[in-house]
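Taken in order, these protein sequences are the chains called X and D.
Residue numbers for the first sequence follow the working numbering, beginning at 109 and rising by one.
Residue numbers for the second sequence follow the working numbering, beginning at 3 and rising by one.
Take a look at the structure below.
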Amino acid sequence: MAAPVPSLLRQELERLAESDQRIDGRGRWDRRDVQLEVDILYNAEGSAKVTWGDTVVYAGVKFELRTPWPDRPTQGSLMCGAELRPVAHRKYEPGPPSPQSIELGRVVDRGIRESGCIDMEALCIVPGEKVWGVMIDIHVLSDGGNIFDACGLAAIAALRTAVVPAERFDVGEDHVLAVKGTPVMASFQRVGGRFVYDPCEDEETGGEERIHITLGDEEHLHSLQKGLKGAFTPAEFAEILEVARTHCGELRELVSSMEGN
Amino acid sequence: MMGGYGDVKLLNDDGTRLDGRTVDEMRPVEIKAGILPAAQGSAWVKHGLNVAVVAVYGPMEAHPRKIQRQDRAVLDVRYNMAPFSTSDRIRPGFNRRSREISKVTAEALESVVLLERYPRSKIRVEIEILAAEAGTRCVGITAASVALADAGIPMRDMVVGIASGKIQDTVVLDLDKAEDNYGQADLPMGICPNTGELVFLQMDGDLSIEEYNLATEYNYKAAAEIHEIMVAALKDRYDGGEA
Numbered sequence: 109m110a111a112p113v114p115s116l117l118r119q120e121l122e123r124l125a126e127s128d129q130r131i132d133g134r135g136r137w138d139r140r141d142v143q144l145e146v147d148i149l150y151n152a153e154g155s156a157k158v159t160w161g162d163t164v165v166y167a168g169v170k171f172e173l174r175t176p177w178p179d180r181p182t183q184g185s186l187m188c189g190a191e192l193r194p195v196a197h198r199k200y201e202p203g204p205p206s207p208q209s210i211e212l213g214r215v216v217d218r219g220i221r222e223s224g225c226i227d228m229e230a231l232c233i234v235p236g237e238k239v240w241g242v243m244i245d246i247h248v249l250s251d252g253g254n255i256f257d258a259c260g261l262a263a264i265a266a267l268r269t270a271v272v273p274a275e276r277f278d279v280g281e282d283h284v285l286a287v288k289g290t291p292v293m294a295s296f297q298r299v300g301g302r303f304v305y306d307p308c309e310d311e312e313t314g315g316e317e318r319i320h321i322t323l324g325d326e327e328h329l330h331s332l333q334k335g336l337k338g339a340f341t342p343a344e345f346a347e348i349l350e351v352a353r354t355h356c357g358e359l360r361e362l363v364s365s366m367e368g369n
Numbered sequence: 003m004m005g006g007y008g009d010v011k012l013l014n015d016d017g018t019r020l021d022g023r024t025v026d027e028m029r030p031v032e033i034k035a036g037i038l039p040a041a042q043g044s045a046w047v048k049h050g051l052n053v054a055v056v057a058v059y060g061p062m063e064a065h066p067r068k069i070q071r072q073d074r075a076v077l078d079v080r081y082n083m084a085p086f087s088t089s090d091r092i093r094p095g096f097n098r099r100s101r102e103i104s105k106v107t108a109e110a111l112e113s114v115v116l117l118e119r120y121p122r123s124k125i126r127v128e129i130e131i132l133a134a135e136a137g138t139r140c141v142g143i144t145a146a147s148v149a150l151a152d153a154g155i156p157m158r159d160m161v162v163g164i165a166s167g168k169i170q171d172t173v174v175l176d177l178d179k180a181e182d183n184y185g186q187a188d189l190p191m192g193i194c195p196n197t198g199e200l201v202f203l204q205m206d207g208d209l210s211i212e213e214y215n216l217a218t219e220y221n222y223k224a225a226a227e228i229h230e231i232m233v234a235a236l237k238d239r240y241d242g243g244e245a
């Protein structure tokens, strides 16, 4: 919990990597325990809580009526934002959104948007005049490492339970938001010279570059992001992509098992 | 001023409230301590449909140095509503309301925390409202007290946040959303159940002195009940669980 001495931590992580061990005892491609709860918050039109190891994240979906963009008069809009508020860790300070939280929100946003799971045309009410804006807000409450995957999971799980509040806005009847597909993210970090899946807090502190992969239902890639300083080879990427396929599939099943609001 | 929509019916003909509660009945309260692994101390409180989560960090070095006090710690309290916590989405960031609530909440907690034990340091209290159904500042205070206790910060007493108010000329305990919107008065208090002192007090609307006295009586009664739930949550956390 207290800030460790990074150079000592790095040495320890390197020593463990020599015998292919991890600091919390997991195997290289093992995931921490993940718990998902959905539809838990009053006032949010869809909500989810993800407890991923020591990481705790909430996501809430809200809708608003807006005028469509002039070049897309028949499409609604989607926005996904993440906040790394000081509640989540002693390292986070109050203030305007940090580059880190903007990156996080945008990477999750791209995975959902580009998977096409939300039909933007279906969010149109009156072409050129009135469309739904879907806002997914992610609130990180405890950063115990790998908040990217936890945020991605919370966001799609919240979306999949969302009900469009049409009655409150006087534009028809409330209905379940149509979501076709479950994009899921898998994140990797270079620790002690090699990539591991689902880095914990110490591995993030003492690690190098990270790679985030979002896979859709057909195992197509929908968002990729390399973060932090470091260089990797195509062979390394091919290896982690295989691992991502397995984990994304398992987590997609977890999301599907929660449905039916 | 409260909403002032005096013609909205908030009491049933048998004297009960729209959600079936009697006038001196509070909404159900659930509390858990130690729910955020990254924090030194934390709490989750569900009060009616309100949900508040609080993390406590510190005591830690106070910086910038000009905020340091040579003889005591400073409490850095932030009250924040999540964008999805209300009916209409809230833009992230501070506003006048959250700044004021943060300030008075800090002053309430400063009245009970033994700040003189930690000169030159800072204790951070982060209150996050995840769902709002009237009375969030009170729920935040209750949750902050449990989180401070969970963090092992010494206090003279815990503070319980609770409000009573007036609807249809009747004093009632613990206003829900409709009662808050259409009622005539709201009297939130921060009560120390052991010492009987008040460390937080606000009010808006219209109350006679008799009504104030009755609302206060309701608040003290509820504070004793909530205090038991707070203590049980803390005992639960440390009985047999991991330290």
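Beta carbons are placed, not taken as given, at the ideal position from N, Cα and C, and that holds for glycine.
Item, Value
"Chain X contacts made by the region 83 to 96 of chain D, where a contact means CB separation under 7 Å", "84, 85, 86, 87, 88, 89, 91 and 94"
"Near-chain D residues of the region 132 to 145 of chain X (beta-carbon distance less than 9 Å), N- to C-terminal order", "none"
"Closer than 8 Å to chain D by CB, residue 265 (chain X)", "no"
"Min CB distance residue 80 (chain D) to chain X below 8 Å", "yes"
"Entirely enclosed alpha helix (DSSP H) segments - the region 296 to 358 of chain X, minimum 4 residues", "309 to 313"
"Chain X residues whose Cβ lies nearer than 8 Å to that of residue 55 (chain D)", "195 and 249"
"Proximity below 8 Å, CB of residue 56 (chain D) to CB of residue 45 (chain D)", "yes"
"Beta-carbon separation (whole angstroms), residue 94 (chain D) vs residue 191 (chain X), contact threshold 8 Å", "6 Å"
"With 16 other Cβ atoms within 10 Å as the buried cut-off, status of residue 121 (chain X)", "buried"
"The region 115 to 139 of chain D: positions lying closer than 7 Å to chain X by Cβ", "126, 128, 130, 132, 133, 134 and 135"
"Residue 328 (chain X), buried or exposed, once every other Cβ within 10 Å from all chains shown has been counted against 16", "exposed"
"Extent of the continuous beta strand (DSSP E) to which residue 81 (chain D) belongs", "76 to 83"
"Any C-beta of chain X under 8 Å from that of residue 62 (chain D)", "yes"
"Assigned secondary structure, residue 188 (chain X) (DSSP; H/G/I helix, E/B strand, else coil)", "strand"
"Touching by the beta-carbon criterion (3+ pairs, under 8 Å), the region 34 to 44 of chain D and the region 72 to 79 of chain D", "no"
"Contacting positions in the region 175 to 199 of chain X - beta carbon closer than 8 Å to chain D", "189, 191, 193, 194, 195, 196, 197 and 198"
"Alpha-carbon spacing of residue 236 (chain D) relative to residue 182 (chain D), whole angstroms", "30 Å"
"Chain X within 8 Å of residue 12 (chain D), Cβ atoms only", "no"
"Alpha-carbon spacing of residue 114 (chain X) relative to residue 314 (chain X), whole angstroms", "6 Å"
"Those residues which DSSP pairs with residue 159 (chain X) across a bridge", "X:143 and X:164"
"Unbroken beta strand (DSSP E) run spanning residue 194 (chain D), endpoints", "It is not in any beta strand (DSSP E) - residue 194 (chain D) carries neither H nor E in the DSSP assignment."
"Short-range partners of chain D found in the region 202 to 232 of chain X, where Cβ spacing is below 7 Å", "202"
"Closer than 8 Å to chain X by CB, residue 151 (chain D)", "no"
"Distance, residue 149 (chain D) Cα to residue 4 (chain D) Cα", "At residue 4 (chain D), the pLDDT of 49 sits below 50, so the modelled position is not reliable and the matter cannot be decided from this model."
"Per-residue DSSP class, three states only, for residue 237 (chain X)", "coil"
"Cβ neighbour criterion (16 or more within 10 Å) applied to residue 82 (chain D)", "buried"
"Proximal residues of chain X, C-beta to C-beta of residue 240 (chain D) below 9 Å", "Correct list: empty, because the minimum Cβ distance to chain X is about 18 Å."
"Interface residues of chain D facing residue 366 (chain X) [CB-CB closer than 9 Å]", "Ordered by position in chain D, no residue passes the 9 Å Cβ test against residue 366 (chain X), which lies about 18 Å from the chain."
"The region 161 to 169 of chain D touching the region 124 to 132 of chain D, judged by at least three CB pairs closer than 8 Å", "no"
"Range covered by the alpha helix (DSSP H) that runs through residue 269 (chain X)", "Careful: residue 269 (chain X) lies outside any alpha helix (DSSP H) and carries neither H nor E."
"Residue 59 (chain D) at chain X interface by Cβ criterion, 8 Å", "yes"
"Through-space distance from residue 224 (chain X) to residue 266 (chain X), alpha-carbon basis", "16 Å"
"is_contact[residue 30 (chain D), chain X] using C-beta, thresh 8 Å", "no"
"Min CB distance residue 314 (chain X) to chain D below 8 Å", "no"
"Interface partners of residue 152 (chain X) on chain D, CB under 8 Å", "86, 87 and 133"
"Pairwise C-alpha distance: residue 260 (chain X) and residue 298 (chain X)", "20 Å"
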